[in-house]
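Below is one structure; the comments refer to it alone.
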Amino acid sequence: MSAYFASIPLTRIDVPADRLRRVKPWRAETLGKEFAAGQPQQHPVNLVAEESGRFTLISGATRLDAAHLAGWEAVDARVTPAGEITAEQRRMLEITENLNRESLTALEKAESLAELKELHEALYPLVRNGGDRRSKAARQARADQNEIFSFRSEAAEMTGLSRRAIEIAVAIATGLSDAVKNRLRETWLEDHQAGLRLLSEQPEEAQHQALDLLFSSPPEAANVADALALVAGRRLLTASEKRFASTLGNFARMSERERADFLDTQEAFVRAHAKKRGWF
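Shown next, in the form of structure tokens:
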């Protein structure tokens, strides 16, 4: 029996406690008001029909909460029999729907991609464990290796992100401790990828110390870079010093042609400064 569509009573649906993405109350409340006002359900939730006769939610938690708030008795669902879907497939369906449908923060996207990578590797354990080219499974291991390498390409196609962006996202998710992630949720930094990336490259103790400075009242640092500088005992640069360092760095990275073009645009200033300094 394949998946089918049905209207399922809310009282028969169970929500797993280990869902990757938490429902944002304001999203559920907004959608719940729309449902209560007569807005129809645009997309079905995804459920698994368990042998017990109950149903387990895979994806669509916000829609499910909204239905409860609107006083609905049932929701439209796409139902898959338990015997036709593995635990890994359940999780992958949850993640891929979130990546495709929901507006994720930078942290949520990083966590989703990192777990998607783990699930992908779980399907090819020989590669994850290093494989053994001398064993009888060598051929399968090499095939598995190709599948692992293809993860980034598949994820890139799925999310619209470049392979490099996916690598960065996975590094962020794996570099931040669970305790740090919990502190980041519902803050401005949760959706600031550059700050998350810099924070994820630090030891966990430094991550917490930086957040202490960023989330103090009033904040003792304006961004992650400044917070980490203070954690390391360094003096913060002034606005003028930052501009100088940025300009100097950009100039150093220019090609010879780019430097020449830049100096040509500043010819009057360069001549005046050279004359003042007695260079000619």
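For the sequence shown, counting from 1, position 142 maps to 148 in our numbering; every step adds exactly one.
By construction, the Cβ of each residue, glycine as well, lies at the ideal position given by its N, Cα and C atoms.
Buried or exposed by the 16-neighbour rule on C-beta atoms within 10 Å, applied to residue i
{"i": "Val21", "result": "exposed"}
{"i": "Val176", "result": "buried"}
{"i": "Leu217", "result": "buried"}
{"i": "Ser13", "result": "exposed"}
{"i": "Lys248", "result": "exposed"}
{"i": "Leu157", "result": "Note on identity: in this sequence residue 157 is Phe, with Leu being the wrong assignment. Phe157 comes out buried."}
{"i": "Gln47", "result": "buried"}
{"i": "Gln208", "result": "buried"}
{"i": "Asp267", "result": "exposed"}
{"i": "Phe286", "result": "exposed"}
{"i": "Ala144", "result": "Confidence in Ala144 is poor, its pLDDT being 49 and thus under 50, which makes the residue's placement too unreliable to answer from."}
{"i": "Gly181", "result": "buried"}
Distance cut-off 6 Å: residue i Cβ against heavy atoms of the ligand FAD
{"i": "Glu124", "result": "With respect to the ligand FAD, the structure shown offers nothing to examine, as it has no ligands at all."}
Euclidean distance between Cα positions of residue i and residue j
{"i": "Glu196", "j": "Glu117", "result": "11 Å"}
{"i": "Ala128", "j": "Ala179", "result": "18 Å"}
{"i": "Thr102", "j": "Ala112", "result": "15 Å"}
{"i": "Val276", "j": "Leu269", "result": "7 Å"}
{"i": "Asp82", "j": "Arg97", "result": "20 Å"}
{"i": "Lys115", "j": "Ser183", "result": "16 Å"}
{"i": "Ala93", "j": "His126", "result": "13 Å"}
{"i": "Gly66", "j": "Val29", "result": "10 Å"}
{"i": "Ala238", "j": "Ile64", "result": "44 Å"}
{"i": "Leu167", "j": "His279", "result": "47 Å"}
Distance between beta carbons of residue j and residue i, contact taken as under 8 Å
{"i": "Ala227", "j": "Leu219", "result": "4 Å"}
{"i": "His26", "j": "Glu100", "result": "Per the sequence shown, the amino acid found at residue 26 is Leu instead of His. Sure, about 6 Å apart at Cβ, within 8 Å."}
{"i": "Val290", "j": "Ile19", "result": "For the chain, the structure presents residues 7 to 286; residue 290 sits outside this window and is missing."}
Handout entry: Continuous alpha helix (DSSP H) assignments of at least 4 residues falling wholly in the stretch 170-212
Key = 184-190 and 199-206
Practice task
Could you say if the stretch 58-71 and the stretch 28-37 meet the contact criterion of at least three C-beta pairs nearer than 8 Å?
Solution key: yes
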